[in-house]
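Trainee: I am attaching a structure below and will ask some questions about it afterwards.
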Amino acid sequence: MTSSAPSSIPDRLSDFTDRWPPMLVKEMRQGLRAKWFVMPFLFLHLLAFGMVALEYLIVLHTGSGGAASLGLGWLAGGHPGLFWMMIYIVVAGIMPLRVMESLREEALRGNTELLLLGGMSRWQIVRGKWLVQGALTLLALLSLVPYMLVRYFLGGVELWQNLLTCLSVSAAAMGMAGTVLGVSGYPGLGIKFVLICYSGVCLLLATMATEGAINTAGGVVQGSQLLVCVYVFCYALVLHLLFAITGMQLGRAHLKIYLLPFEIPPTRTVVILTIFMPFILIAGAFATCGFGAILVLALMVYIMCVYDRPVKTTLSSGAPMPGYPRF
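For any residue, its number in the working numbering is found by taking its place in the sequence shown, counting from 1, and adding 2.
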């Protein structure tokens with residue numbers, strides 16, 4: 003077996019390794035050049051620079067106490083502050099829109115059939131797109147580290163609060179990315195708008211819960227109160243994960259429609275689950291007096307993970323059928 007000629011270091015650094023999944027590499031190459039990533043990325047840095055400069059001027063002229071007395075504590079020294087609010091809007095609200103037409107474009111170009119016939123499953127396709135959006139979100143947040151350090155050294159900003167808020171932003175962005183990816187298979191904008199707004203309101207409430215838990219934990223002295231804050235924070239994070247998985251299941255359902263149009267559309271079931279999911283969680287929380295709410299949420303996550311499991315197609319001997327696409 004002959005080995006190919008060794009490539010130069012710049013060539014190896016400019017390409018992805020062969021160990022990465024092919025869907026991940028494909029989406030990463032497209033995502034890094036997409037306008038829906040580049041333009042929000044630049045806009046994010048302009049906003050971050052402007053917010054840090056504004057906070058610095060407020061603290062410089064009034065101090066953090068003076069800013070609070072003027073009603074500007076949410077700008078300087080408060081949490082989350084205008085800095086994190088702008089990051090939420092761009093990272094969790096605008097950047098996930100990059101995958102708005104992702105599945106629809108794959109189907110119209112005929113790439114879906116090629117990917118499935120090449121041995122990839124529906125899960126691998128939607129999961130690859132979702133993970134790439136998560137990687138782009140992480141890249142955007144890591145690029146904001148210099149601004150976070152400047153805010154920390156200016157004073158009035160707790161390091162642990164910023165770390166937890168960064169985790170909350172990531173969870174909100176991944177939840178919204180899963181939702182947008184799921185509705186990307188619809189041709190019309192009407193149902194996309196309705197589902198994104200509905201899921202967005204639910205994710206916004208979960209984000210408010212995480213920020214409320216972070217703020218409350220900063221002033222508590224009792225262990226029981228801190229435990230409640232941790233419980234609420236973890237519950238909200240898992241809720242983001244649930245909406246992300248539900249969105250990916252809706253994306254898998256769209257891929258099944260493109261391949262098997264004669265079957266009953268499985269998208270209706272996923273949409274119904276998405277609409278009634280908050281009511282199911284609320285009913286479960288009331289039934290368990292709040293103590294088992296996170297168990298009900300974990301059960302919903304498990305149900306959505308195993309929903310629409312692919313049927314294993316085998317030969318009469320029991321061996322898997324070669325070359326058959328794994329739906």
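Glycine included, each C-beta is placed from N, C-alpha and C at the ideal position.
Please read these numbers as outputs of a predicted model, since none were measured by experiment.
Taking Met150 as the reference, which of Leu161, Leu140 and Leu141 has the closest Cα?
Mentor: Checked all of Leu161, Leu140 and Leu141; the closest Cα to Met150 is Leu161.
Trainee: Is the beta carbon of Ala173 less than 8 Å from the beta carbon of His242?
Mentor: Yes, they are a contact pair.
Trainee: Given a threshold of 16 other Cβ atoms within 10 Å of its Cβ, counted over all protein chains shown, does Ala69 qualify as buried or as exposed?
Mentor: For Ala69, the predicted model reports a pLDDT of 45, less than 50, meaning its position is unreliable and no value from the coordinates is stated.
Trainee: Tell me whether Met97 sits in a helix, a strand or coil according to DSSP, three-state version.
Mentor: In this structure, Met97 counts as helix in the three-state DSSP scheme.
Trainee: Is the beta carbon of Arg100 sitting closer than 8 Å to the one on Ala36?
Mentor: Yes, Cβ-Cβ distance for Arg100 and Ala36 is below 8 Å.
Trainee: Can at least three beta-carbon pairs, one atom from the segment 167-187 and one from the segment 204-212, be found at a separation below 8 Å?
Mentor: Short answer: they touch.
Trainee: Roughly how many angstroms separate the alpha carbons of Gly302 and Ala287, rounded to a whole number?
Mentor: At residue 302 the sequence reads Met, which differs from the Gly that was named. Rounded to whole angstroms, Met302 to Ala287 spans 13 Å at the Cα level.
Trainee: Work out the CA separation of Gly192 and Met122 for me, nearest whole Å.
Mentor: Distance between the alpha carbons of Met122 and Gly192: 31 Å.
Trainee: Are Tyr200 and Ile277 closer than 8 Å when you measure CB to CB?
Mentor: Yes; because the gap between Cβ atoms is below 8 Å, this pair is in contact.
Trainee: Alpha carbon to alpha carbon, how far is Pro42 from Val92? Give it in angstroms, no decimals.
Mentor: Going from the Cα of Val92 to the Cα of Pro42 covers about 7 Å.
Trainee: Report back the beta-carbon spacing between Thr167 and Ile216 to the nearest angstrom; my notes put them in contact at under 8 Å.
Mentor: Indeed, because the Cβ distance is near 6 Å, the residues count as touching under 8 Å.
Trainee: Quick one: residues in its chain with C-beta nearer than 8 Å to the C-beta of Phe85, no 5 flanking neighbours on either side, listed in chain order?
Mentor: So the qualifying residues of the chain are Ala50, Met53, Val54, Glu57, Tyr149 and Arg153.
Trainee: Given this structure, state the Cα-to-Cα distance separating Gly292 from His63, to the nearest angstrom.
Mentor: One C-alpha to the other measures close to 46 Å.
Trainee: Is there a Cβ from chain B that is less than 8 Å from the Cβ of Leu49?
Mentor: The structure shown has no chain B; it contains just one protein chain.
Trainee: Starting from Tyr90 and walking both ways along the alpha helix (DSSP H), at which residues does that stretch end?
Mentor: Per DSSP, Tyr90 belongs to no alpha helix (DSSP H) and is neither H nor E.
Trainee: Are Cys307 and Ile247 closer than 8 Å when you measure CB to CB?
Mentor: A contact, by the Cβ cut-off of 8 Å.
Trainee: Return the Cβ separation of Met30 and Ala142 in integer angstroms, given the expectation that the two are a contact with Cβ distance under 8 Å.
Mentor: Rounded, the Cβ-Cβ distance is 14 Å, inconsistent with contact.
Trainee: Just how far apart, CA to CA, sit Gly79 and Pro268?
Mentor: Here the model assigns Gly79 a pLDDT of 45, short of 50, so the residue's position is not dependable and the matter cannot be decided.
Trainee: For a test of the three-state rule: what should DSSP assign to Arg111, helix, strand or coil?
Mentor: Here Arg111 sits in coil by DSSP.
Trainee: I need the straight-line Cα distance from Leu165 to Gln224, nearest angstrom please.
Mentor: Leu165 and Gln224: Cα-Cα distance of roughly 22 Å.
Trainee: Assign Ser104 to buried or exposed, taking buried as 16 or more other Cβ atoms, counted over all protein chains shown, within 10 Å of its Cβ.
Mentor: Label assigned to Ser104: buried.
Trainee: Measure the alpha-carbon distance for Leu252 versus Val61 and round it to whole angstroms.
Mentor: Approximately 47 Å, taken between the alpha carbons.
Trainee: Can you check whether the CB of Met279 is closer than 8 Å to the CB of Arg129?
Mentor: Contact: no.
Trainee: Distance check for Pro189 and Thr218, CA to CA, integer angstroms please.
Mentor: Approximately 44 Å, taken between the alpha carbons.
Trainee: Residue range of the alpha helix (DSSP H) that Ser201 falls in?
Mentor: Start and end: Leu191 to Ala219.
Trainee: Out of Phe195, Leu59 and Leu299, which one is the CA nearest neighbour of Leu156?
Mentor: Checking every option, the nearest Cα to that of Leu156 belongs to Leu59.
Trainee: With a cut-off of 8 Å on the beta carbons, I'd call Val273 and Leu283 a contact; round off their distance for me.
Mentor: Between Leu283 and Val273 the Cβ distance is about 17 Å, and since that is not below 8 Å, they are no contact.
Trainee: Using CA atoms only, rank isn't needed, just tell me which of Leu239, Thr114 and Lys131 is closest to Gly214.
Mentor: Nearest option by C-alpha distance: Leu239.
Trainee: For a test of the three-state rule: what should DSSP assign to Asp310, helix, strand or coil?
Mentor: Correct three-state label for Asp310: coil.
Trainee: For Val159, which three-state DSSP category applies?
Mentor: Coil.
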